[in-house]
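First the structure, in the form of structure tokens, and then the observations on it.
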Amino acid sequence: MYDLAEKALQAAIKYGAKEAEVYIVKSQKTSVNIQKDMIEGAKENITTGIGIRAIVDGAVGFSSTNIMSYIDEAAKNAVSSAKTQDADPDWKKLPSNQKYPTVSGILDRDIHNMELDECIGHTMEMIDAARATPGIIVTSGSFSRSHGERLILNSNGIEVSEEGTGISGFVDVITNEGETSTAYDFAISRKNDIDFAAIGKNAAELAKKSQNTISIEPHKTEVIIHPFAFSDLIENTFIPSIDADNVQKGRSNLIGRKDEIIADEKLSIYDDGLLEGGIDTGIADDEGVASRKTTVIENGAFRSYLYDTYTAGKDGVESTGNASRNSYLSTPSVGSRNFIIDFPSCDIVADTDSGVYVNTVIGAHTANSISGDFSVEARNAFTIKDGKLDKPIKSLMISGNIFDMLKNINGAGTDVRKVGGTITPSIRVSDMSVVG
Amino acid sequence: MHSVDFFDTRIIEGTTTSIVLDNGKIEQISVNFTKGAAVRALKGGSWGFTSADGDFDVEKAIRAASELAVSMNDKSPKEKVKMQDIASPVVSNAPKVKKNPLDISLEEKVSNLKEFGKHAKKEGISSTSAVYSESSYKVMYTDSTGVEGEYDVVRTGFAISAVASREGLYQAGRESRFGVTGYEIFDKYNASELAEEAANSALQLLDAKPAKGGNMPVILDPELAGVFAHEAVGHASEADLVLEGSSVLENRIGESIASPLVTIIDDPTMHEYGYFPFDDEGSQTKKTTLIENGVLKSYLHSRETAAKLGGTPGHCRAQGHSRPIVRMSNTYIDNGNSKFEEMLEEIGNGMYLIGSRGGQVNTGEGVFQFNAEKGYLIEDGQLTTLIRDVSLSGKILEILNNVKMVGNDLKMNSGRCGKGGQLVPVTDGSPHLMISEAMVGGA
Numbered sequence: 001m002y003d004l005a006e007k008a009l010q011a012a013i014k015y016g017a018k019e020a021e022v023y024i025v026k027s028q029k030t031s032v033n034i035q036k037d038m039i040e041g042a043k044e045n046i047t048t049g050i051g052i053r054a055i056v057d058g059a060v061g062f063s064s065t066n067i068m069s070y071i072d073e074a075a076k077n078a079v080s081s082a083k084t085q086d087a088d089p090d091w092k093k094l095p096s097n098q099k100y101p102t103v104s105g106i107l108d109r110d111i112h113n114m115e116l117d118e119c120i121g122h123t124m125e126m127i128d129a130a131r132a133t134p135g136i137i138v139t140s141g142s143f144s145r146s147h148g149e150r151l152i153l154n155s156n157g158i159e160v161s162e163e164g165t166g167i168s169g170f171v172d173v174i175t176n177e178g179e180t181s182t183a184y185d186f187a188i189s190r191k192n193d194i195d196f197a198a199i200g201k202n203a204a205e206l207a208k209k210s211q212n213t214i215s216i217e218p219h220k221t222e223v224i225i226h227p228f229a230f231s232d233l234i235e236n237t238f239i240p241s242i243d244a245d246n247v248q249k250g251r252s253n254l255i256g257r258k259d260e261i262i263a264d265e266k267l268s269i270y271d272d273g274l275l276e277g278g279i280d281t282g283i284a285d286d287e288g289v290a291s292r293k294t295t296v297i298e299n300g301a302f303r304s305y306l307y308d309t310y311t312a313g314k315d316g317v318e319s320t321g322n323a324s325r326n327s328y329l330s331t332p333s334v335g336s337r338n339f340i341i342d343f344p345s346c347d348i349v350a351d352t353d354s355g356v357y358v359n360t361v362i363g364a365h366t367a368n369s370i371s372g373d374f375s376v377e378a379r380n381a382f383t384i385k386d387g388k389l390d391k392p393i394k395s396l397m398i399s400g401n402i403f404d405m406l407k408n409i410n411g412a413g414t415d416v417r418k419v420g421g422t423i424t425p426s427i428r429v430s431d432m433s434v435v436g
Numbered sequence: 001m002h003s004v005d006f007f008d009t010r011i012i013e014g015t016t017t018s019i020v021l022d023n024g025k026i027e028q029i030s031v032n033f034t035k036g037a038a039v040r041a042l043k044g045g046s047w048g049f050t051s052a053d054g055d056f057d058v059e060k061a062i063r064a065a066s067e068l069a070v071s072m073n074d075k076s077p078k079e080k081v082k083m084q085d086i087a088s089p090v091v092s093n094a095p096k097v098k099k100n101p102l103d104i105s106l107e108e109k110v111s112n113l114k115e116f117g118k119h120a121k122k123e124g125i126s127s128t129s130a131v132y133s134e135s136s137y138k139v140m141y142t143d144s145t146g147v148e149g150e151y152d153v154v155r156t157g158f159a160i161s162a163v164a165s166r167e168g169l170y171q172a173g174r175e176s177r178f179g180v181t182g183y184e185i186f187d188k189y190n191a192s193e194l195a196e197e198a199a200n201s202a203l204q205l206l207d208a209k210p211a212k213g214g215n216m217p218v219i220l221d222p223e224l225a226g227v228f229a230h231e232a233v234g235h236a237s238e239a240d241l242v243l244e245g246s247s248v249l250e251n252r253i254g255e256s257i258a259s260p261l262v263t264i265i266d267d268p269t270m271h272e273y274g275y276f277p278f279d280d281e282g283s284q285t286k287k288t289t290l291i292e293n294g295v296l297k298s299y300l301h302s303r304e305t306a307a308k309l310g311g312t313p314g315h316c317r318a319q320g321h322s323r324p325i326v327r328m329s330n331t332y333i334d335n336g337n338s339k340f341e342e343m344l345e346e347i348g349n350g351m352y353l354i355g356s357r358g359g360q361v362n363t364g365e366g367v368f369q370f371n372a373e374k375g376y377l378i379e380d381g382q383l384t385t386l387i388r389d390v391s392l393s394g395k396i397l398e399i400l401n402n403v404k405m406v407g408n409d410l411k412m413n414s415g416r417c418g419k420g421g422q423l424v425p426v427t428d429g430s431p432h433l434m435i436s437e438a439m440v441g442g443a
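Set out below in structure tokens:
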């Protein structure tokens, strides 16, 4: 891998790049699929790909391929794309001179070496646990384990090489007697520590509990939002506003609002690339800047946007280590790392006299990511009466604005979950509009 | 040789180029060249699947997939899966590319993008972006029963967005056009005018009022009604979901499930963005009527689901080298004979919902949600106040039965559809629809 990267870097310089960067990933993934209570089959994917960024007068050209004999051609394409563009005076330079921290909990040899038998075993644990609840079918689901390596080299001396593992389980269930109701549960980890039976059990019990629904009238009330629903909303409405690229391009509600109180004073939010065992943990971001922890909201005050090297250069600040890539096929852009929601916890349902509890939402991606307005369909929602979940609700829309919500948070549960990169407890918000 | 019941291979090779213009400046030019194979093997009731990148060895990939299938079949045996037998597909009536994008210089593409992108920058617009993308792929299919086929496809398109802001209020307008066409897409559509339209939408929304939610009669414009056809009906018609037990349309073929005014079709042979001459398991495509005059006629099938439920395969698709699953192509509600003016008159008071910011569906419970770009209050048959941040949700079967008028102005819109973590190009469309009662949500 190192030799290929070195070769690509030299080729880009040879064709006329002033600076160049090579990003190579190699990943191996095994997954087992569930269809209607049965294991349908297994998948093995091995992917290797290379992405080359070439910079000429601040203009960035990019080319990628998965054909290693094509590397020279790709380097040439990247350089000629860069030359087609006008100079960009905002470009400073690719990262250099980084001191990398140590991180832990992201590589587990048990996952790397896991045999197919064990993969099947974990998948069966989910199915069996779900079916232990009568009247439940597992409609679909999957188990997966992966091992990946990435290498980043640039012409300013950056060299990052890191490997990691991941494991996850997911099931979607439906009731097959009484009122039709569905539910899902999932877990994802870097270590071989997932309780697969709990995934099946939780989904099945939630679907069951969601039967015999009632309708409710439109009103304003306290809403407790489960980590699944809250992370879905925050990723689609709040995170885009703190992306420095959106801020610089006039697409954020938080332009010029640094140090302003934007949330309840008990709320803090951190972006942390170093979190032990975090899904987005690594020694560096996807362009080789050392990972760090950034305070986004501190006791209600907005403190920082998230930057990659380019946007940081434009604002004259340091990158926060938030360059992120979906795959070798794309250039890095600003993305959150482990996004941690921090609010003093309590027994949140017991603490609520009346309101609504929402497990998941559908349609969060349709939110207005600039204004923060959203209107989504809530699933597996319940009324709360005298500190207890009372009746499941048939159909419910919740709508609001993320910035109003941040100010109206008045409680959080003890049930912190790692929902992909977002780490959050259940969150209670006052005065939300619900339409039944 | 391969101790399996069935296997197939799909080799895909091609290039994509995208150019991103942001606030008038080229932000990125990206050229990708990829090649890979996707291989499936079936033993008994178990599937093995592998994919290989770059300079691969297909035989090795077939062996790996076969080993997985055999091993899964030993460890968790189950009912044998039968694949519907098919004939080798014939590629006829393929879209003709007039201007191959690979023959046009990068410089020309860049200057064209800059030129039309400029038109989105109107007074009051704080930020604009425009994207051009093209892809050119060759797909080669073979299976162990001797089926083989091959086709080339070129897709191009562009998208423009504009953000208007005023006193902390932000609204966006978007326009995009994608198709199975070459660079002549810029002859078919006036990109500069569309850029201005995106800007006008954003500016107009600054003065819109937030919606007040509730149950009411609504008119859906062709774009939003097309999203309804796709999200609410199309997904629930996918036979893999039906077999899983997660579709409200299970066991309802032949039943009247919608107003008799409703006919919904999925047609991969149309020369729209969702076009493909044969699907990703070699099946020839043809027009499929899902609902005809309110009666559920057919699901969408793969070879596996067609063999199991009885039906015609041809709707099994994959993103790149992923595993093919049952998907839509070009999905639309067919024309009726009502005029928009007649709908306004009929409805009296309600809401007119326009455009779409996307949607999502829970096919098991038959519940959907989607967001309109904007809307108008309808008062005494007149469009009055402009509304923003308005969404629609409901039960698929209730809404289908609540369709009271179907327009005669079918329009198609291109986009991409996600399922099982895979995105594929699709179009959806509809004429205007009048619905007697629906749940509208607002801020």
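So the protein lines, in turn, are chains A and B.
Residue 121 in the UniProt record's numbering is what sits at position 121 of the first sequence, and the numbering runs on without skipping anything.
Residue 302 in the UniProt record's numbering is what sits at position 302 of the second sequence, and the numbering runs on without skipping anything.
Note that beta-carbon positions come from the ideal geometry of N, C-alpha and C, so glycine has one too.
Backbone CA spacing between residue i and residue j [nearest angstrom]
i         : j         : result
TYR352(B) : ASP37(A)  : 43 Å
MET1(B)   : LYS138(B) : Caution applies to MET1(B), whose pLDDT of 48 falls short of 50 and renders its modelled position unreliable; the value that the coordinates give is listed next. Approximately 28 Å, taken between the alpha carbons.
ILE398(A) : VAL358(A) : 9 Å
ARG155(B) : VAL97(B)  : 9 Å
ALA174(B) : THR288(B) : One point to set straight first is that residue 174(B) is Arg, not Ala, in the sequence displayed. Looking at the two C-alpha atoms, the distance is approximately 31 Å.
PHE230(A) : ILE194(A) : 22 Å
ILE55(A)  : ARG323(B) : 36 Å
ILE11(B)  : PHE49(B)  : 14 Å
HIS365(A) : GLY358(B) : 7 Å
GLU346(B) : GLY381(B) : 7 Å
GLY117(B) : ALA198(B) : 11 Å
ILE167(A) : ASP103(B) : 45 Å
ALA61(B)  : GLU265(A) : 57 Å
GLU304(B) : ILE67(A)  : 33 Å
THR363(B) : TYR2(A)   : 47 Å
GLY16(A)  : GLN10(A)  : 10 Å
Beta-carbon separation (whole angstroms), residue i vs residue j, contact threshold 8 Å
i         : j         : result
VAL356(A) : VAL434(A) : 6 Å
ILE136(A) : VAL160(A) : The pair is not a contact, with the Cβ atoms about 46 Å apart (cut-off 8 Å).
PRO431(B) : ILE333(B) : 7 Å
GLY61(A)  : VAL79(A)  : 6 Å
LEU290(B) : VAL233(B) : 6 Å
LEU94(A)  : ASN192(A) : Their Cβ separation, rounded to whole angstroms, is 36 Å, which puts LEU94(A) and ASN192(A) out of contact at 8 Å.
SER241(A) : LEU233(A) : The pair is not a contact, with the Cβ atoms about 13 Å apart (cut-off 8 Å).
Proximal chain B residues relative to residue i, where beta-carbon distance stays under 8 Å
i         : result
SER395(A) : VAL367, SER393, GLY394, LYS395 and MET439
GLN85(A)  : ILE26, ILE29 and VAL110
ASN253(A) : GLY168 and TYR170
Within chain A, the residues that residue i reaches when beta carbons sit closer than 9 Å
i         : result
ASP103(B) : None at all; the shortest Cβ gap to chain A is about 16 Å.
LYS35(B)  : THR65, ASN66, ILE67 and TYR70
GLU107(B) : THR84
ALA69(B)  : GLY41 and ALA42
Cross-chain neighbours of residue i in chain A, by beta carbon under 7 Å
i         : result
ASP22(B)  : LYS249
ARG323(B) : LYS43
Top-ranked residue by Cα proximity to residue i, from the options
i         : options                                       : result
PHE374(A) : ILE257(B), LEU397(B), PRO210(B) and LEU433(B) : PRO210(B)
LYS314(A) : GLU265(A), VAL223(A), GLY58(A) and GLU21(A)   : GLY58(A)
ASP22(B)  : PHE6(B), ALA130(B) and VAL91(B)               : ALA130(B)
ALA8(A)   : LYS76(A), GLY41(A) and SER140(A)              : LYS76(A)
ARG390(B) : LEU400(B), GLY375(B) and VAL81(B)             : First, the amino acid is wrong: residue 390(B) is Val here, not Arg. Nearest C-alpha to VAL390(B): GLY375(B).
THR294(A) : GLN28(A), ILE279(A), PHE186(A) and ASP272(A)  : ASP272(A)
GLU281(B) : GLY213(B), MET83(B) and LEU68(B)              : MET83(B)
GLY200(A) : ASN156(A), ASN246(A), VAL138(A) and SER215(A) : VAL138(A)
Contacts of residue i in chain B (Cβ-Cβ under 9 Å)
i         : result
ASN176(A) : GLY245
GLN35(A)  : ASP240, LEU243 and GLU244
* Starting from the N-terminal side, write out each stretch of the alpha helix (DSSP H) that is 4 residues or longer and does not extend beyond the region 157-241 of chain A. => 196-209 and 227-237
* Where are the beta strand (DSSP E) runs, 3 residues long or more, that stay fully inside the region 241-312 of chain B, in chain order? -> 264-266 and 288-292
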